[in-house]
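Notes to accompany the following structure.
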Amino acid sequence: MYSRFRHTICNHKLRKDLKSFGPQIMALLLVSGLTLTCLNTNARAQSPNDGNSKLVNDLLRLLEKSELATRDREYKPSGLDLPPAPQLNASRVNIHEVRQALNDFAKDSSALALSLNRVMYQVPGVREYIADVLKVRARASILSDRVNRSSDLNQIATEYGEIDQLWRVVSLQLENVRGLDRESQNLIARMNQADRKLGDLLQTGPQLKRTELLTQTSALSNALGILVEDIEIELSREPQKFELVRTGQEVEQRMIQVSNLIIDRQSYDAIKREYLAFRDSWNSFATRLRPYHNRIISRGIQRVVQQDRSIQELLWLPQDGANMQEIAHLTEALKRDVDEFYRRATLRLLISLPPANYIATSDEFYGTVENLIDTVNHN
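The letter at position 11 of the sequence shown is residue 11 when you use the working numbering, and the numbering goes up by one with no holes.
This is how it looks when you write it as structure tokens:
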């Protein structure tokens, strides 16, 4: 099957890696240093406001210097790696509003970094996103300083588009973290509001991370291709095999069309519309495959589902939440695995395992699995 992204994805990924290597390593080192220092601070029972706030501010200044040092000498590719050059109507841009909104965005990003630092041990899910928050803050601070000294709106809009690309993804990821404190939630909401205002002022609109999105759609297309091959082999004796293969190839073609829209730099709305059409066809196809209870096919479905979640994040779509069909399928698979274990595990084996109450425990476990299946089926 022909797809233009297969000819371009490797070059885009290589360029992206070369472009972001320095700041990524710096952010990783900063977060590692932050974690180690916080451990020492907790061991000495210091107040977080005494040491950690100063530490975060020092790390942020170091990251800003790193961004400034690498920004001018880095390779600046064209195409997917950078947002499109905005077509600004300068007469409609109020530079004072832009400066104020950028200052507010940068200020709130600093406060968010401090807030996440304070709660990262109570809410471990935030730890993996702190590096991206630090990058957003450093770039916003640099651009805020530049706007205060310059009125080159085209350059400002282009650089802001890069910040928007990064912030939209990390914002959605943070909003999906369970147990996030109220202060951090309020800061994220304020930054989202400032982000939308800046997009309107600079006439940029939402900026997709197209290279990363193209990488993920490529991986999803490959996962679908492997699934179709597995269907040909695993369901070779099924009368519906040829129809399932044909439907699977059609689903794969829909995802390839999404990739082609990304390469053609089509609008977010066009990409989202095609992606949602793919989701409809995929959900229908997966529903037809699950009743076969084939382990290899089930693994293929799970690969597609996991890859699909990454694309949802990059398109700023809310997670689907609980898919009852998928949960029912997984619980049935769990029941089959448990049954197989109980068929293979002999009574002598259970008796030989210390402590001696494993037999009673195994009976309780089997009852728990049955209760879970019953709950799912009657929800």
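All residues carry an ideal CB built from backbone N, CA and C; glycine is no exception. Keep in mind it's a predicted model, so treat the numbers as computed, not measured.
So, do the stretch 270–277 and the stretch 301–315 have three or more beta carbon pairs nearer to each other than 8 Å? yes
Quick check on the DSSP output: the alpha helix (DSSP H) that includes glutamate 212 runs from which residue to which? To locate residue 212, count along the sequence shown from 1; it is residue 212. That run of the alpha helix (DSSP H) goes 210–234.
Can you tell which of Pro291, Leu289, Pro206 and Leu220 has the C-alpha that lies nearest to the C-alpha of aspartate 269? By one-based count along the sequence shown, residue 269 stands at place 269. Of the listed residues, the one whose Cα sits closest to aspartate 269 is Pro206.
Helix, strand or coil for leucine 317? Go by DSSP, reduced to three states. As a position in the sequence shown, residue 317 is number 317, starting the count at 1. In the structure shown, leucine 317 sits in coil (DSSP, three-state: anything other than H, G, I, E or B).
Within its chain, find whatever has a CB closer than 7 Å to the CB of valine 369; leave out the 5 residues flanking it on each side and keep chain order. The sequence position of residue 369 within the sequence shown is 369, counting from 1. Here the set comprises Leu334, Lys335 and Val338.
Using only CA atoms, which one of Ile297, Leu116, Leu244 and Leu213 lies nearest to asparagine 260? Your numbering for residue 260 matches position 260 in the sequence shown. Of the listed residues, the one whose Cα sits closest to asparagine 260 is Leu213.
DSSP state of aspartate 145, grouped into three classes? One-based indexing of the sequence shown puts residue 145 at position 145. Helix.
Find the nearest neighbour of glutamine 185 within the set Leu172, Ala90 and Asn148, judged by alpha-carbon distance. Residue 185 sits at position 185 when you count from the first residue of the sequence shown. With distances taken between Cα atoms, glutamine 185 lies closest to Leu172.
Let me know the secondary structure DSSP gives glutamine 100 once reduced to three states. Here residue 100 is taken as the residue at index 100 of the sequence shown, counted from 1. Glutamine 100: helix per DSSP, three-state reduction.
Among the residues of its own chain, which have a CB less than 6 Å from the CB of glutamate 364, if the five just before and after it don't count? Reading the sequence shown from its first residue, position 364 is the one you call residue 364. Closer than 6 Å at the Cβ level, and outside the excluded window around glutamate 364, lies no residue.
Please list, in chain order, all residues of the same chain as glutamine 302 whose beta carbon is under 8 Å from its beta carbon, the five residues on each side excluded. If you number the sequence shown from 1, residue 302 lands on position 302. For glutamine 302, where only same-chain residues beyond five positions count, there are no Cβ hits under 8 Å.
Expressed to the nearest angstrom, what Euclidean distance is found between the alpha-carbon atoms of asparagine 89 and alanine 106? Stepping through the sequence shown from its first residue, residue 89 is reached at position 89. Stepping through the sequence shown from its first residue, residue 106 is reached at position 106. Each residue's alpha carbon lies about 25 Å from the other.
What's the gap between the Cα of glutamate 232 and the Cα of glutamate 238? By 1-based counting over the sequence shown, the position of residue 232 is 232. By 1-based counting over the sequence shown, the position of residue 238 is 238. Each residue's Cα considered, the two are about 10 Å apart.
I need the DSSP call for valine 305, collapsed to helix, strand or coil. Working through the sequence shown from its first residue, we reach residue 305 at position 305. Reduced to three states, the DSSP call for valine 305 is helix.
Thinking C-alpha only, which one of Arg344, Leu114, Gln100 and Ala131 is nearest valine 170? If you number the sequence shown from 1, residue 170 lands on position 170. Selected option, being the one with the closest Cα: Ala131.
Give the secondary structure of threonine 158 by DSSP, where H, G and I count as helix, E and B as strand, and everything else as coil. Taking the first residue of the sequence shown as position 1, residue 158 is located at position 158. Residue state, collapsed to three classes: helix.
For the alpha helix (DSSP H) containing methionine 191, name the first residue and the last one. Mapped onto the sequence shown, residue 191 falls at position 191. It spans 182–201 - the alpha helix (DSSP H) in which methionine 191 sits, taken as one unbroken run.
Own chain, CB closer than 7 Å to glycine 225, minus 5 neighbours either side, in chain order: Numbered from 1 along the sequence shown, position 225 holds the residue referred to as residue 225. The residues are Glu252.
Which residues mark the beginning and the end of the alpha helix (DSSP H) in which aspartate 280 is found? Residue 280 sits at position 280 when you count from the first residue of the sequence shown. Aspartate 280 -> alpha helix (DSSP H) spans 268–289.
Serine 398 versus aspartate 164: straight-line alpha-carbon distance, rounded: Outside the displayed span of the chain (1 to 379) sits residue 398, for which this structure offers no information.
Which value, in whole angstroms, describes the spacing of the CA atoms of leucine 244 and serine 109? Mapped onto the sequence shown, residue 244 falls at position 244. Mapped onto the sequence shown, residue 109 falls at position 109. Near 49 Å, if we compare the C-alpha coordinates of serine 109 and leucine 244.
Assumed close pair leucine 134, valine 126 - CB separation to whole angstroms, cut-off 8 Å: By 1-based counting over the sequence shown, the position of residue 134 is 134. By 1-based counting over the sequence shown, the position of residue 126 is 126. Not quite, the Cβ-Cβ distance comes to about 12 Å (not below 8 Å), so this is no contact.
Using only the alpha-carbon positions, how far apart do glutamate 386 and alanine 111 sit? Look at the range of the chain in this structure, 1 to 379, and you will see that residue 386 is not part of it.
In whole angstroms, what separates the C-alpha of valine 147 from that of leucine 208? The residue labelled residue 147 in the question sits at position 147 within the sequence shown. The residue labelled residue 208 in the question sits at position 208 within the sequence shown. So the alpha carbons of these two residues sit roughly 23 Å apart.
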